[in-house]
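One rule links them: number in our numbering = place in the sequence shown (from 1) + 2. Below is one structure, written out as structure tokens; the observations come after it.
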Amino acid sequence: MMAFFTTFSSSFQLAISFWPFAALLLTFPLLVVQYMRLRRLVVGRMVMVYLVVLYALGLVAFTLYPMPDNPAWFCAHHAVSPQLHPLASIMDIQAEGLRAVLQVVMNIVFFMPFGMFLRVMYPVRWYMVVLLGLTLSLTIEVTQLTGAFGLYPCSYRLFDVDDLLLNTGGALVGYWCGRLLPDLRNVKHGETVTTQPGLVRRLVAFILDVVAVLVVRTCIGIILYITMPGLAGNTVAGLSYGILAGGELVVQLIMPLMMGGQTIGGWMTGISLDDRERSWPHRLTMYLLRLGYIGLFMYGIVLGPRAGMPVVIGWLGVTLVSWWRYRRLPYTIIDAVWPRRR
């Protein structure tokens, strides 16, 4: 038995280490979708989404992954045949005692979060939960039976028909237990465009802006690599930084000036930076300060961990203090000294 578990040790430990962080990373696109749909952050829904992503990764980690590290040895020494007799796991309780009881209970408990999530987030009836729970369980069992559809040379987990029954029952129990949780199905929508977003919403918009620029830079880099493969390394690096700077100029300065204070990320999350009436010179100065503010952060990133760390830490410190004290970002200091329009 111990020899069997050691085949999973290294990859299993790696999966557990990255599990919560991977869930947090995968939650970000869903956070963007929430801002696009609801135009506001609903904390309950966001917490539920993170827990569901965490649960989904756990479902994969504990039912499909990790695969044994030595396929040839494992397949030669562990023949895994499907268990096709209904209720066999129940019958095993008398012979195997506590171990069989725990297996039955955990197969039910493992699918309860799925049913609870459906009840809390979507207007579904119990029979749909049964159908979806059965479909999810069958997908997992078939994946195990086929060695992840041929990715592994043999079946490395047991296909058990009882798992289908117990998992589906667990989803239904979770659906009933979902009555005890807050109802997050119907929530109010926020303003289509807001000029007073919170710090989280601003951060999401900023990340989207950075990702947009990086995607464009990557695409242009690929085109240059294909069309001009003989370019020197220094030339490529210079072009790369030039594209990055040009992209930031367009996204952080030209776009908000021309689009009512919205960048790409601001458009997606419903943010306008024009939070007050400003004259054209005032707006231009404010956006130039903002461009320099963002450029300082990007400069710290480009410098690398050693040289750039003080820049990034200082930038974050000033940002957090400014937000905590004034609920504004540092570049808006221009509003305090610029004469108001009469």
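All residues carry an ideal CB built from backbone N, CA and C; glycine is no exception.
Asked	Found
Beta-carbon separation (whole angstroms), Val-106 vs Leu-160, contact threshold 8 Å	Contact flag wrong, Cβ pair sits at about 14 Å.
Alpha helix (DSSP H) segments (min. 4 residues) lying fully within the segment 22-65	45-65
Sequence ranges, alpha helix (DSSP H) only - wholly within the segment 122-207, length at least 4	128-147, 149-152, 163-179
Which residues DSSP lists as bridging Ile-315, in chain order	According to DSSP, Ile-315 bridges with nothing at all.
Contact the segment 205-222 vs the segment 260-272: 3+ CB pairs below 8 Å	yes
Where Gln-254 sits in the DSSP three-state scheme	helix
Residue(s) in a DSSP beta bridge with Ile-273	Thr-196
Nearest candidate by alpha-carbon position, reference Thr-170, set Thr-334, Arg-308, Met-108	Met-108
C-alpha gap between Trp-75 and Met-114, whole angstroms	36 Å
Helix, strand or coil at Arg-264 according to DSSP, with G and I counted as helix	Note that residue 264 corresponds to Gln in the displayed sequence, not to Arg. Reduced to three states, the DSSP call for Gln-264 is coil.
Touching by the beta-carbon criterion (3+ pairs, under 8 Å), the segment 291-301 and the segment 245-258	yes
Close-in-space but distant-in-sequence residues of the same chain around Leu-153 (CB under 8 Å, 5 per side omitted)	Met-69
Cα-Cα separation, Pro-155 to Cys-77	7 Å
Supposed close pair Pro-84, Leu-167 - CB separation, criterion 8 Å	Not quite, the Cβ-Cβ distance comes to about 15 Å (not below 8 Å), so this is no contact.
Leu-275 and Thr-197 closer than 9 Å at C-beta	yes
Nearest-angstrom Cα separation, counted from Thr-265 out to Ile-256	9 Å
Sufficient close CB pairs (3 or more, under 8 Å) joining the segment 179-191 to the segment 27-43	yes
Cβ distance (whole Å) where Tyr-333 is taken to contact Met-288 below 8 Å	7 Å
Residue from Leu-104, Gly-180, Gly-297 with nearest C-alpha to Pro-125	Gly-180
Span separating the alpha-carbon of Ile-222 from that of Met-230	12 Å
Cut-off 6 Å between Cβ atoms - residues of its own chain near Ile-245, not counting five sequence neighbours on either side	Arg-219, Ile-222
Proximity of Val-131 and Tyr-177 at Cβ, strictly below 9 Å	yes
Residues that DSSP places opposite Ile-85 in a beta bridge	Residue identity differs from the one stated: residue 85 is Gln in this sequence, not Ile. DSSP output for Gln-85 lists Asp-162 as bridge partner(s).
Reference Met-260, options Leu-305, Arg-285, Arg-278, closest by Cα	Arg-285
Met-118, buried or exposed, once every other Cβ within 10 Å from all chains shown has been counted against 16	buried
Whole-angstrom C-beta distance between Gln-146 and Ser-139, which should lie under 8 Å	The Cβ separation is near 11 Å, so there is no contact.
CB contact flag (Leu-174, Gly-200, <9 Å)	no
Inside the segment 90-121 only - alpha helix (DSSP H) runs reaching at least 4 residues	90-98, 100-111
Residues near Phe-116 in its chain [Cβ-Cβ closer than 7 Å; skip 5 each side]	Gly-135, Leu-138, Ala-173, Gly-176
Alpha carbon of Trp-340 to alpha carbon of Arg-203, nearest angstrom	27 Å
Sequence-distant residues of its chain with Cβ nearer than 7 Å to Trp-128 (five each side left out)	Leu-174, Tyr-177
Alpha carbon of Val-371 to alpha carbon of Met-48, nearest angstrom	Examination of residue 371 is not possible in this model, given that the chain is present from 3 through 344 alone.
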